[in-house]
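Q: Heads up: the sequence shown begins at 1 in UniProt numbering, then just goes up one per residue.
Just so it is clear, CB atoms sit at the ideal spot from N, CA and C, and this is done for glycine as well.
Note that the structure is predicted; figures quoted are calculated from it, not measured.
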Amino acid sequence: MNVTVTGAGGQIGYSLLFRIASGDLLGPTVPVNLTLMEIPSGRAAAEGTALELQDCAFPLLRSVTVTEDPVRAFDGVNIALLVGSRPRAVGMERVALLESNGRIFGPVGAALNAGAASDVRVLVVGNPVNTNALVTSAFAPDIPADRFTAMTRLDHNRGIAQLASRLQVHVAELDGLTIWGNHSASQYPDVFHATAGGCPVSELVAQDWLVDDFIPRVANRGYEIIQARGGSSAASAASAAIDHVYDWVNGTGERWTSAGVSSDGSYGVPEGLVCSFPVRAVDGRWQIVPDLAINAFSRARIDASVAELIEEREAVRALGLLPSLR
Ligand code: LMR
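#1: Pick from Pro290, Val135, Val125 and Tyr267: whose alpha carbon is nearest that of Ser184?
#2: What ranges does the beta strand (DSSP E) occupy inside the UniProt domain "Lactate/malate dehydrogenase N-terminal" (1–141), keeping only unbroken runs of at least 3 residues that lie completely in it?
#3: If you follow the alpha helix (DSSP H) that Pro216 is part of, which residue opens it and which one closes it?
#4: Could you check whether the Cβ of Gly13 sits closer than 7 Å to any heavy atom belonging to the ligand LMR?
#5: If I follow the unbroken alpha helix (DSSP H) through Gln162, where does it start and stop?
#6: Is any heavy atom of the ligand LMR found at a distance shorter than 7 Å from the C-beta of Asn127?
#7: Sorted by chain position, which residues of the same chain lie with C-beta nearer than 6 Å to Val201's C-beta, five sequence neighbours on each side aside?
#8: Quick one: is the Cβ of Gly222 within less than 7 Å of any heavy atom of the ligand LMR?
#9: State buried or exposed for Val122, treating a residue as buried only when at least 16 other CB atoms are found within 10 Å of its CB.
#10: Can we count Ile79 as close to the ligand LMR, meaning its CB is less than 7 Å from some heavy atom?
#11: Cβ-heavy atom distance between Leu154 and the ligand LMR below 7 Å?
#12: Classify Val249 as helix, strand or coil using the three-state DSSP reduction.
#13: State buried or exposed for Arg326, treating a residue as buried only when at least 16 other CB atoms are found within 10 Å of its CB.
#14: Between Leu167, Ile179 and His156, which has its C-alpha nearest Asp243's C-alpha?
#15: Taking 7 Å as the line, does the beta carbon of His183 fall inside it for any heavy atom of the ligand LMR?
#16: Using alpha carbons as the reference points, say which of Gly106, Thr152, Ser239 and Ile310 lies closest to Arg19.
#17: Does the ligand LMR have even one heavy atom less than 7 Å from the beta-carbon of Ser232?
#18: Evaluate Ile39 with the Cβ neighbour count: other Cβ atoms within 10 Å of its Cβ, from every protein chain shown; 16 or more gives buried, anything less gives exposed.
#19: Using the rule of at least 16 other Cβ atoms within 10 Å of the residue's Cβ for burial, across every protein chain shown, is Cys275 buried or exposed?
#20: In the DSSP assignment, find the beta strand (DSSP E) that holds Arg317 and state where it starts and stops.
#21: Looking only at DSSP bridge pairs, what is Ala281 linked to?
#22: Can you give me the Cβ contacts of Ser100 inside the same chain, cut-off strictly under 8 Å, excluding the 5 residues immediately before and after it?
#23: Does at least one heavy atom of the ligand LMR sit under 7 Å from the Cβ of Ala237?
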């Protein structure tokens, strides 16, 4: 399998690449050709990482290529992990952030459209993930929209970890949590379909705890990590990316998880918007979990996050960054 990582010289890349090469992404029997894409300022770091990858003598790692050229990076790619993005600088306007990222993800989409393998799967990890995925897809009109996904698995994993700690259960006993909406502070971690060891979580926790602790803690965890370590989450983001792709390729069974996928209109989310939903992976495709009852508490919070996604879409549309919006 040909796997390309953009922003490969950064901290997430450093946590991600060795796990891909050791077989965690696709399984212990799948050989991998890795391409590390970087911009000129990150190239030296990517070259250094490539040397270390070689030194690990991973049996599954067949080749490592470092490039700044998107056409070369995405030629024949099966799995594209789009990590490189322009982070928000202090005082930066949201529209400026969307614009500079649009200028990064547009050419990536065009290069994917030109050269990717017919089974390509794309995961956007670089913020703002949902709208970056939308822009990438809009520049790749020949690739089905369901191949472009945005990472909310990190939020999902954070929510599972918080619930496990609160309820004193093992993480594996929890199922049915959903992250809805945008990978931003407006996201909504929904426990109303979640179970812990088969018991409904909503019967085990008080609504006050949800409102005052759980929801803001999960939604603002990225900021909490930045404050604590002086930089964005890196190893946990890489781990979530591994989880997302592994499940997408290998299936989730009956359990569900969360991912930003192109909306089919489910749950009142406008079609084509890249929004986080409850999903299962079946036969190599994400499927939105259907027919969940949504209570008024959840509805208001889902709508608020979807409204933010619509605003982002309109902002990039006004910038001319959605040439073939489907
Ligand atoms: C995270 O959720 O940890 C990151 O998306 C936060 C950030 O702004 O980098």
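A: From the atom records:
#1: Taking the sequence shown and counting its residues from 1, the one referred to as residue 184 is at position 184. Nearest Cα to Ser184 within the set Pro290, Val135, Val125 and Tyr267: Val125.
#2: Taken in chain order, the whole beta strand (DSSP E) runs of length 3 or more contained in the UniProt domain "Lactate/malate dehydrogenase N-terminal" (1–141) are 2–6, 32–37, 61–67, 79–82 and 121–124.
#3: Here the question's residue 216 lines up with position 216 in the sequence shown. Segment Ile215 to Ala219, the alpha helix (DSSP H) holding Pro216.
#4: Position 13 of the sequence shown, counted from the first residue, corresponds to residue 13. Gly13 Cβ: outside cutoff for every heavy atom of the ligand LMR.
#5: Taking the first residue of the sequence shown as 1, we reach residue 162 at position 162. Element bounds for Gln162: Arg153 to Leu167.
#6: Stepping through the sequence shown from its first residue, residue 127 is reached at position 127. At least one heavy atom of the ligand LMR is nearer than 7 Å to the Cβ of Asn127, so yes.
#7: Residue 201 sits at position 201 when you count from the first residue of the sequence shown. Cβ neighbours of Val201 beyond the five flanking positions: Val191 and Ala194.
#8: As a first step, residue 222 must be located in the sequence shown, where it is residue number 222. Yes, the ligand LMR has a heavy atom inside 7 Å of this Cβ.
#9: In the sequence shown, residue 122 corresponds to position 122, counting from 1. Label assigned to Val122: buried.
#10: Position 79 of the sequence shown, counted from the start, is the residue given in the question as residue 79. Between the ligand LMR and the CB of Ile79, the shortest heavy atom gap is not smaller than 7 Å.
#11: Numbered from its first residue, the sequence shown carries residue 154 at position 154. Because some heavy atom of the ligand LMR lies under 7 Å away, the Cβ of Leu154 counts as near it: yes.
#12: The count along the sequence shown starts at 1 and reaches residue 249 at position 249. Note: Val249 maps to helix in three-state DSSP.
#13: Residue mapping note: residue 326 aligns to position 326 of the sequence shown, counting from 1. Because Arg326 sits at a pLDDT of 48, beneath the cut-off of 50, its placement in the model cannot be relied upon, and the following sentence gives the value as read from the coordinates. Around the C-beta of Arg326, fewer than 16 other C-beta atoms lie within 10 Å, and the residue is accordingly described as exposed.
#14: Counted from its first residue, the sequence shown places residue 243 at position 243. Comparing Cα positions, the closest option is His156.
#15: Locating residue 183 in the sequence shown gives position 183, where the first residue counts as 1. At least one heavy atom of the ligand LMR lies less than 7 Å from the C-beta of His183.
#16: Position 19 of the sequence shown holds residue 19. Of the listed residues, the one whose Cα sits closest to Arg19 is Ser239.
#17: Along the sequence shown, read from residue 1 onward, the residue named residue 232 stands at position 232. Flag set: Cβ of Ser232 near the ligand LMR.
#18: Within the sequence shown, residue 39 is the residue found at index 39, counting from 1. The residue in question, Ile39, is exposed, as its Cβ has fewer than 16 Cβ neighbours within 10 Å.
#19: Within the sequence shown, residue 275 is the residue found at index 275, counting from 1. It is buried - the Cβ of Cys275 has at least 16 other Cβ atoms within 10 Å.
#20: Here the question's residue 317 lines up with position 317 in the sequence shown. Element bounds for Arg317: not the beta strand (DSSP E) but the alpha helix (DSSP H), Ala296 to Ala318.
#21: Counted from its first residue, the sequence shown places residue 281 at position 281. Paired residue(s): Trp286.
#22: Taking the sequence shown and counting its residues from 1, one reaches residue 100 at position 100. These residues qualify, in order along the chain: Arg86.
#23: To locate residue 237, count along the sequence shown from 1; it is residue 237. The answer is yes for Ala237.
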